[in-house]
DNA sequence: ATAAAAATTTAGGCAAAACTAAAAATATAT
DNA sequence: ATATATTTTTAGTTTTGCCTAAATTTTTAT
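Protein chains in written order, with our numbering: chain A, 15 to 232; chain B, 15 to 232.
Written out as structure tokens, the structure reads:
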């Protein structure tokens, strides 16, 4: 599989997690930063290789083969991210672009040895699950902080948006994976939240709360 | 720089280490496994970018800029090889192809952090020197075992050929980097050597001896 | 010195992956 | 329901890196 084919597969995979029907040409184009016409070309190629099912104008869906291939790319991406953060001391907002390249290195032996070296992690530095060598994913109970009720407490376990600017905002506010967060109040006008983190109160917008995953603890 | 451009640069670099004049089109074609006409095309592109100096029919030479770029690729290749062997437990005959891919990952930060993680190694698993971040290479005193005199003793410090088959032969004979080797006799008919390694005597052909680097110790 | 051999370059093409512009299909809105 | 808007596909190009075949230059051998 080429570098480009892998990127398309990955894009289709990520999009299909939220769209239960076929993934649209335009959505893919947005994700891989190309034009719809280029996507149509590539989709045909992927369909020939039986990685996706494609019907003109109806969007695409991954086949079992395509799904597994996509998961293996995601596995590589996330394992490399763990390596960069845990072993090379990268910050969590710096790893995405490098992992984007590393994920295309073709060696099963490499990735399985890396997995072992890292101690078979199940989540990447942003709290996203790492598929195992068979494509199995451990689902963790979690919900968006914006869905918490006032009075509830959670442990931050992931981010929905892993853009550098969002992650740096969290660093600045000293919110990290593992932080205990209590919902003190919710403003009904804009859905902003007053939360308590490390004994300090702060206000976060609904947009922030909608991009933070937490696990309820009480 | 593209993947392909990097491979050509690296090939020219390796060839220019043994050829003090311009590197020939055919030699490059052999190294990158392409045809002479393809090499001519690529050379023109590299010349436009001022990475090589090129005169029709006269071969190519690296410019300072090209030399530094080539050394950085070699640096990456060899650091990744160290990583694979030291950290991921690959055998020294398994690392080349994977490193061949890893060397193209574009991130200075990555490679410098990897360098630090590995403890700033100066040699790769085959005894080849690793250029530092400025392109400086530590030269180690060494010579081919085939050039040793009878009675001399050396420590094996590198291999000239790092093909899997040669490395596996050495493994089988229990010759590794660091092995102490004494020349017991040299057969004048075929230049084969009787050597002593770890108290055991064995005979190695001239071809083997011509691909093993050692440092004289007495 | 010159003919033959080898190496190199040029010319013309191909495949992958992208693009623009135009055509076709589908979705939306009044 | 039908006109309009949006989405998707098709058709035709471009660029990169490779190829083959032919032409040219350099090297080698007599």
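Glycine is no exception: its CB is placed at the ideal position from the N, C-alpha and C atoms.
Please list the terminal residues of the continuous beta strand (DSSP E) segment that includes residue 227 of chain A.
226-230
So residue 189 of chain B and residue 211 of chain B are supposed to be a Cβ contact under 8 Å. How far apart are they, rounded?
6 Å
List the whole-angstrom C-beta distance separating residue 209 of chain A from residue 195 of chain A, where the pair is believed to meet the contact cut-off of C-beta under 8 Å.
5 Å
Would you mind sorting residue 89 of chain A into buried or exposed? The rule is 16 or more other CB atoms within 10 Å of its CB.
buried
For residue 84 of chain B and residue 175 of chain B, the rounded distance between their alpha carbons:
20 Å
What does the Cβ neighbour count give for residue 214 of chain A, buried or exposed, with the cut at 16 atoms within 10 Å?
exposed
Please report the residue range of the alpha helix (DSSP H) in which residue 222 of chain A lies.
220-223
Who are the near neighbours of residue 128 of chain A in its chain, counting only those whose CB is closer than 7 Å to its CB and skipping five residues on each side?
93 and 97
What number of angstroms, rounded off, separates the C-alpha of residue 114 of chain B from the C-alpha of residue 107 of chain B?
Going from the Cα of residue 114 of chain B to the Cα of residue 107 of chain B covers about 13 Å.
4-residue-minimum alpha helix (DSSP H) runs that sit fully inside the region 122-158 of chain A, ordered along the chain
122-131
Sort A:133, A:166, A:145 and A:140 by Cα distance to residue 192 of chain A and report the nearest one.
A:140
Cβ-based neighbour list, residue 178 of chain A, same chain, cut-off 6 Å, excluding 5 preceding and 5 following
107
Cα-Cα separation between residue 206 of chain A and residue 25 of chain A, rounded to whole angstroms
Distance from the CA atom of residue 206 of chain A to the CA atom of residue 25 of chain A, rounded to whole angstroms, is 31 Å.
Identity of the residues DSSP links to residue 197 of chain A by a beta bridge
DSSP output for residue 197 of chain A lists A:209 as bridge partner(s).
Could you give the distance in angstroms between the alpha-carbon of residue 171 of chain B and the alpha-carbon of residue 62 of chain B?
39 Å
How long is the line joining the alpha carbons of residue 104 of chain A and residue 87 of chain A, rounded to whole angstroms?
21 Å
How about residue 125 of chain B: is its C-beta nearer than 8 Å to some C-beta of chain A?
Residue 125 of chain B does not count as touching chain A.
Going along the chain, which unbroken runs of the alpha helix (DSSP H) with 4 or more residues stay wholly within the region 37-89 of chain B?
39-46 and 50-62
To the nearest angstrom, report how far apart residue 146 of chain A and residue 156 of chain B are at their CA atoms.
46 Å
Nearest residue (CA-CA) to residue 197 of chain B, options B:161, B:204 and B:225:
B:161
Using the Cβ count rule (16 or more neighbours within 10 Å means buried), how would you classify residue 152 of chain A?
exposed
Name the DSSP beta bridge partners of residue 217 of chain B, please?
B:208
I want to verify the contact list: residues of chain A whose CB lies under 9 Å from the CB of residue 112 of chain B, in sequence order.
119, 120, 121, 123 and 124
Just checking: is the beta-carbon of residue 129 of chain A within a distance shorter than 8 Å of some beta-carbon in chain B?
no
CB contact below 8 Å: residue 115 of chain B versus chain A:
yes
Against residue 101 of chain A, what residues of chain B qualify as contacts under a CB-to-CB distance less than 7 Å, listed in chain order?
131
Cα separation between residue 67 of chain A and residue 29 of chain A?
15 Å
Here's the rule: buried if 16 or more other CB atoms are within 10 angstroms of the residue's CB, otherwise exposed. What is residue 31 of chain B?
exposed
Would a C-beta distance cut-off of 8 Å place residue 222 of chain A and residue 166 of chain A closer than the cut-off?
no
Suppose contacts are defined by Cβ-Cβ distances below 8 Å. Is residue 42 of chain A in contact with residue 22 of chain A by that definition?
yes
Between the alpha carbons of residue 135 of chain A and residue 149 of chain A, how many angstroms are there, rounded?
Roughly 14 Å between the two C-alpha positions.
Have a look at residue 99 of chain B and residue 119 of chain A and give me their C-alpha separation to the nearest angstrom.
17 Å
Selected residue, minimal CA-CA separation from residue 126 of chain B, among A:224, A:101 and A:38:
A:101
Closest to residue 109 of chain B by C-alpha separation, out of B:95, B:117 and B:116, would be which residue?
B:95
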